[in-house]
Amino acid sequence: MKPKKRLTVKEIAEEVGLSVATVDRVLNNRGNVKPKTAELVMNKVREMEYTPNLSASFLSKGRSISLAVAYPELPAYFWNQVETGIDAAVREFRDFGLRVRTIRSKDYDLTDQKKTMLQLVDSGEYDAIAISPNDPQEMTDVIDHAVSRNLTVGTFNSDSPLSSRMFYVGCDYRVAGRLAADTLCRLAGRRGRIGLIMSYTNFQMQQKVTGFREVIGNYPEIQLQAPLKVDQEEYTSFETFAEYFEGLDGVYVASAKLHIIAGHLETAGLAGRVALIGHDMNEEIHDGLQRDVVTATICQDPFNQGYLIVKSLFEYLSSRKLPDTRENITKLELVTKENARYYI
């Protein structure tokens, strides 16, 4: 079979009856084109399976794509793994003109994140922004503002589904909660009392807790103790948890504090006696798995969360290639003592 002939912008322009300059503005996101005209061009691009020669385009025009990636500071171990994925995407596409700036907002401070986002938008320095929103509802207006300023916005790790973001990359946290519940109920022998430790309610937490409760309801001999909702500063206090641990056969940590709860469980003399499951991986969680303090953890593919959001935004900005779905769901993997070495 002969290779498919590469189409030119001129051929697309002839097909839709527009000038080469107009088609070029649509393909390169330069604005000043009516929405209906842009839609006409993009429909023809998809029909003709047009793929631009990226290297030729960028090298000949000296063009660059500038991307800002914003996310919280904590937990540092998780976001460091996300950054590894971001760095991999930068290395892959930097020869095509990709430039990326990463910005960490203070803790989970919503005010700080809003301020950071508005500064990025108003700077006029970026073609797109990738953001992990601290609150899906509160960040909706800010994301919509960015899009109204002709910026492409993608969310990752945490979504803002009611906003006008282009796409989301990250886990299905409802499924994460369901996986945690099913695993914990089986570890507890399908009967007994289960505890749930959570932090403030954001999109991730809501979804995890919803999925967890859904599955718990399928185990008639499992009793769910009233969830313990803990502020960030309270996690270091053993007294916060000592009474809660009493009489439990299993504990699910829905927040990013599995390693801290493992320490408290060990202090209480319950390590190995109470099943403990949570999320993510770091040196402390790995150590807890090896010593049977942590029973299992659910890893959320942080590398690909960072890599895919940058890759997806670059491909859209450079060639108007959209992902196959507006929600790119990354994998969830159950990790125990025996396979933990592959995740550290």
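Per the working numbering: the sequence shown = residues -8 to 335.
The beta carbon of each residue, even a glycine, is placed where N, CA and C say it ideally should be.
Computed from a predicted structure; not experimentally measured.
So, with DSSP's three-state summary, where would you put residue i?
i	result
GLU116	coil
ASN34	helix
VAL200	helix
PRO63	strand
LYS220	strand
GLU275	helix
GLY208	coil
LEU58	strand
LEU215	strand
GLU225	helix
GLY260	coil
GLY238	coil
GLU324	strand
LEU50	With a pLDDT of 48 at LEU50, under the threshold of 50, the modelled position of that residue is not reliable, and the figure given next carries that caveat. Residue state, collapsed to three classes: helix.
VAL81	helix
TYR68	helix
VAL73	helix
ALA347	Outside the shown range of the chain, which is -8 to 335, sits residue 347, and nothing can be said about it.
TYR159	strand
ILE335	coil
For residue i, which residues in the same chain have their Cβ closer than 6 angstroms to its Cβ, ignoring the five residues on either side in sequence?
i	result
ARG90	SER55 and SER57
SER51	Any answer about SER51 is weak, because its pLDDT of 47 lies below 50 and its placement is not dependable; what the coordinates show is given next. Correct list: empty, nothing qualifies.
LEU280	LYS328 and ALA331
GLY183	ASP240
TYR68	ASN273
GLY238	ARG184
ALA79	TYR298
GLU225	THR231
LYS322	ASP292
Check for me: the beta strand (DSSP E) holding residue i runs from which residue to which?
i	result
MET189	183 to 189
LEU89	89 to 96
GLU318	318 to 320
GLY168	Note, GLY168: premise wrong, no beta strand (DSSP E); alpha helix (DSSP H) at 164 to 178.
ILE268	266 to 270
VAL144	143 to 147
Taking the beta carbon of residue i as the centre, do at least 16 other beta carbons fall within 10 Å, making it buried, or is it exposed?
i	result
ARG169	buried
GLU318	exposed
PRO152	exposed
LYS302	buried
ASN125	buried
ASP240	buried
LYS248	buried
TYR307	buried
LYS(-7)	With a pLDDT of 42 at LYS(-7), under the threshold of 50, the modelled position of this residue cannot be trusted, and the question is left open.
ALA59	buried
ARG156	buried
ASP283	exposed
THR227	exposed
ILE335	exposed
ALA137	buried
ASP292	buried
GLN110	exposed
ASP271	buried
PHE84	buried
GLU5	exposed
GLY115	exposed
ASP118	buried
THR102	exposed
ALA253	buried
ILE320	exposed
Can you list, in chain order, the residues of its chain whose CB lies under 8 angstroms from that of residue i, leaving out five sequence neighbours each side?
i	result
SER36	Checking the sequence shown, residue 36 turns out to be Val, not Ser. Correct list, in chain order: ILE3, LEU18 and ARG311.
LYS105	GLU129, MET130 and VAL133
ASP98	PRO63, GLU64, LEU65 and GLN223
PHE203	GLY168, ARG169, ALA171, ALA172, LEU187, TYR243 and ALA245
SER96	ALA61, TYR62, PRO63, GLU64, ASP103, GLN104, THR107 and ASN125
Output needed for residue i: all residues of its chain with C-beta closer than 7 angstroms, excluding positions within five of it in sequence on either side, in chain order.
i	result
ALA287	THR174, ILE268, LEU325, VAL326 and THR327
LEU313	TYR307
ASP150	PRO127, TYR159, GLY161 and PHE194
PHE294	GLN72, THR75 and GLY76
What are the boundary residues of the alpha helix (DSSP H) that residue i is part of?
i	result
THR288	It is not in any alpha helix (DSSP H) - THR288 instead sits in the beta strand (DSSP E) that spans 287 to 290.
PHE294	293 to 310
ILE3	0 to 7
ILE134	131 to 139
VAL17	11 to 18
Taking only beta-carbon atoms, is residue i less than 9 angstroms away from chain D?
i	result
ARG317	The structure shown contains no chain D, having only a single protein chain.
Check whether the segment 147 to 165 and the segment 193 to 200 are in contact - that is, three or more C-beta pairs closer than 8 angstroms.
Judged by Cβ distances under 8 angstroms, the segment 147 to 165 makes contact with the segment 193 to 200, as three or more pairs qualify.
Inspect the CB distances between the segment 26 to 34 and the segment 6 to 15 and report whether three or more fall short of 8 angstroms.
Counting Cβ pairs under 8 angstroms, three or more are found: they touch.
Taking three-plus beta-carbon pairs below 8 angstroms as touching, is the segment 279 to 295 in contact with the segment 125 to 136?
No, they do not touch.
When you compare the segment 258 to 266 with the segment 108 to 123, are there three or more beta-carbon pairs, one atom per stretch, that lie closer than 8 angstroms?
No contact exists between the segment 258 to 266 and the segment 108 to 123.
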